[in-house]
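Top line first, the protein sequences correspond to chains L and Y. Just so you know, we're using my numbering here: the first sequence kicks off at 17 and counts up by one. Just so you know, we're using my numbering here: the second sequence kicks off at 49 and counts up by one. Since the structure comes first, as structure tokens, the remarks are kept for the end.
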Amino acid sequence: RKEVEQDPGPFNVPEGATVAFNCTYSNSASQSFFWYRQDCRKEPKLLMSVYSSGNEDGRFTAQLNRASQYISLLIRDSKLSDSATYLCVAHTGTASKLTFGTGTRLQVTL
Amino acid sequence: DVKVTQSSRYLVKRTGEKVFLECVQDMDHENMFWYRQDPGLGLRLIYFSYDVKMKEKGDIPEGYSVSREKKERFSLILESASTNQTSMYLCASSFDRGAYNEQFFGPGTRLTVL
């Protein structure tokens, strides 16, 4: 079983739609979590950190449920420019090592 | 603005060749990482380093070695390239700040081994 699991998608949604991605992690010792965004043929970049209280950044909301060991990302009012692969990431242990999920691909269409 | 650079965007090598991939970061980060990214497998950690001359094996170190002689530079070495090492290689760096440790990535090197 992978440490961080995501539905690969693709999620095809129209502009303006709300879309949610879930991610599960298997190591209960994981300490912190992130969502990274990766555009086609580009490097991953941090989208947002995920706090246990939940956090919001504009149209993006991230939630963490430690009891069920899942992380979610909600995107409201989707834009064409949101089309990308979203990587769920867990930090476990020391030495700043991150474990990446395989990513969920989002395609926003007109 | 954090910048992580990699020596090549595209590289083609032959089986058995020794291959060097170079990564340089300009933000005085303590930690540096090498990943490979393959379709359906995501990013997998090959090696990382948390200080000069220090290295730790990641999840898939077989067939690779690394070198970190200076803080800003982290090299990945394929001693004898094989076709199953054809992949996208991504370098990353981060501060060592405990739980909060955003990694900044370079643009990647697409390596093809023939």
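Every residue gets a Cβ at the ideal spot worked out from N, C-alpha and C, and that includes glycine. As the structure is a prediction and not an experimental result, all values here were calculated from the model.
Looking at the structure shown, is residue i part of a helix, part of a strand, or coil, going by DSSP?
{"i": "aspartate 76 (chain Y)", "result": "coil"}
{"i": "threonine 131 (chain Y)", "result": "helix"}
{"i": "aspartate 86 (chain Y)", "result": "strand"}
{"i": "aspartate 23 (chain L)", "result": "coil"}
{"i": "aspartate 73 (chain L)", "result": "strand"}
{"i": "cysteine 96 (chain L)", "result": "Correcting the residue identity first, residue 96 (chain L) is leucine in this sequence and not cysteine. Note: leucine 96 (chain L) maps to helix in three-state DSSP."}
Report the neighbours of residue i on chain Y: residues whose CB is nearer than 7 Å to its CB, in chain order.
{"i": "proline 60 (chain L)", "result": "Phe153"}
Run down chain L in chain order and give the residues with a C-beta less than 7 Å from the C-beta of residue i.
{"i": "glutamate 150 (chain Y)", "result": "Leu62"}
{"i": "leucine 69 (chain Y)", "result": "Per Cβ cutoff of 7 Å: no residues; leucine 69 (chain Y) is ~14 Å from chain L at best."}
{"i": "serine 142 (chain Y)", "result": "Ser112"}
Using CA coordinates, which residue listed in the options is at the minimum distance from residue i?
{"i": "phenylalanine 122 (chain Y)", "options": "Y:Leu91, Y:Trp82, Y:Arg92", "result": "Y:Trp82"}
{"i": "arginine 116 (chain Y)", "options": "Y:Met102, Y:Asp107, Y:Gly106", "result": "Y:Met102"}
{"i": "glutamate 59 (chain L)", "options": "L:Leu126, L:Gly119, L:Asp23", "result": "L:Gly119"}
{"i": "aspartate 74 (chain Y)", "options": "Y:Thr157, Y:Gly156, Y:Thr160, Y:Ala140", "result": "Y:Ala140"}
{"i": "serine 142 (chain Y)", "options": "L:Tyr86, L:Leu62, L:Val124, L:Arg92", "result": "L:Leu62"}
{"i": "tyrosine 41 (chain L)", "options": "L:Ser94, L:Ala33, L:Ser88, L:Ser97", "result": "L:Ser88"}
{"i": "aspartate 174 (chain L)", "options": "L:Met64, L:Glu31, L:Gln85", "result": "Outside the shown range of chain L, which is 17 to 126, sits residue 174 (chain L), and nothing can be said about it."}
{"i": "histidine 77 (chain Y)", "options": "Y:Arg84, Y:Gly106, Y:Val60, Y:Ser97", "result": "Y:Ser97"}
Could you name the residues of chain L that residue i contacts, counting a contact when the two beta carbons are closer than 9 Å?
{"i": "glycine 156 (chain Y)", "result": "Arg57, Lys58, Glu59"}
{"i": "leucine 138 (chain Y)", "result": "Glu59, Pro60"}
Within the 8 Å Cβ cut-off, does residue i reach chain C?
{"i": "glycine 154 (chain Y)", "result": "Going by chain labels, chain C is absent from the structure shown, which instead holds the protein chains L and Y."}
Taking only beta carbons into account, state which residues of the segment 95-120 of chain L come closer than 7 Å to chain Y, listed in chain order. Listed by position, the residues of the segment 95-120 of chain L near chain Y (Cβ gap below 7 Å) are His107, Ala111, Ser112, Lys113, Leu114, Phe116, Gly117, Thr118, Gly119.
The segment 88-106 of chain Y: which residues have C-beta closer than 9 Å to a C-beta of chain L, in chain order? Of all residues in the segment 88-106 of chain Y, Gly88, Leu89, Gly90, Leu91, Arg92, Leu93, Phe96, Tyr98, Glu104, Gly106 have a Cβ within less than 9 Å of some Cβ in chain L.
Of all the residues that make up the segment 118-135 of chain Y, which are near chain L by a beta-carbon distance shorter than 7 Å? Taking 7 Å as the Cβ-Cβ cut-off against chain L, none of the residues of the segment 118-135 of chain Y qualify.
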